[in-house]
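In terms of my numbering, the sequence shown opens at residue 692 and continues consecutively. Notes for the one structure printed next.
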Amino acid sequence: MKKLILVFLAAVTFSCGENKKENKTEMNADTPVENKTTPVEAADANVAVVTIEGNDQMKFNKNEIRVKAGQTVKLTLKHVGKMDKAVMGHNWALLTKDADMATVGQAAAVAADNDYIPADMTDKFIVHTKMLGGGESTTIEFEAPAPGTYIFMCTFPGHYALMQGKFIVE
């Protein structure tokens, strides 16, 4: 009887093993690979369409944006969180090359009356969106500046420490 049970178990083990299907995917040059970076969409060669999101965890979903010099940039900022603008407002601001992000961020913290854009530092901004609350979005258009690397940030008090990135113009 014990031999019969052992033979039965061996047969079940081997038969199950042989019918197993492998779920391996072979990779070759023709296999599509998911791109982890979000490319800038181009309506045409002269327009870069960019969408960036800010959330209730004080994060942008992108930390780098690449465009070409002279392109029209159509940038949409979406606040995908639920919190009110007074508590967790977000904007998107592109600084000039000579602007110091920390200095701008600290000055912005006391500029509530001007949507957290310091009135005496407007020359340090190339462009910015309005401040948004949860569920809101806005779109701005501007011409990409000269080639180089610029900083973008949120100017809501304290957000620039986490909500920042590089705007690279090629």
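Beta carbons are placed, not taken as given, at the ideal position from N, Cα and C, and that holds for glycine.
The alpha carbon of D747 has as its nearest neighbour, out of P848, G780 and T840, the alpha carbon of G780. Assignment of V740 by DSSP, reduced to helix, strand and coil, places it in the strand class.
Residue pairing from DSSP places Y841 in a beta bridge opposite F858.
Pairing F833 with V764 gives a Cβ-Cβ distance under 8 Å.
For G839, the closest alpha carbon among the candidates G745, A803, K759 and T794 is that of K759. Straight through space, the alpha carbons of F751 and K773 are spaced by roughly 15 Å. Annotated three-state conformation of T813 is helix, per DSSP. Counting only runs of at least 3 residues, the segment 757-843 fully encloses the following beta strand (DSSP E) elements, listed from N- to C-terminal order: 763-770, 784-786, 816-819 and 828-834. Taking the Cα positions, T820 is about 10 Å away from S828. Between the alpha carbons of W783 and L768 lies a distance of about 7 Å.
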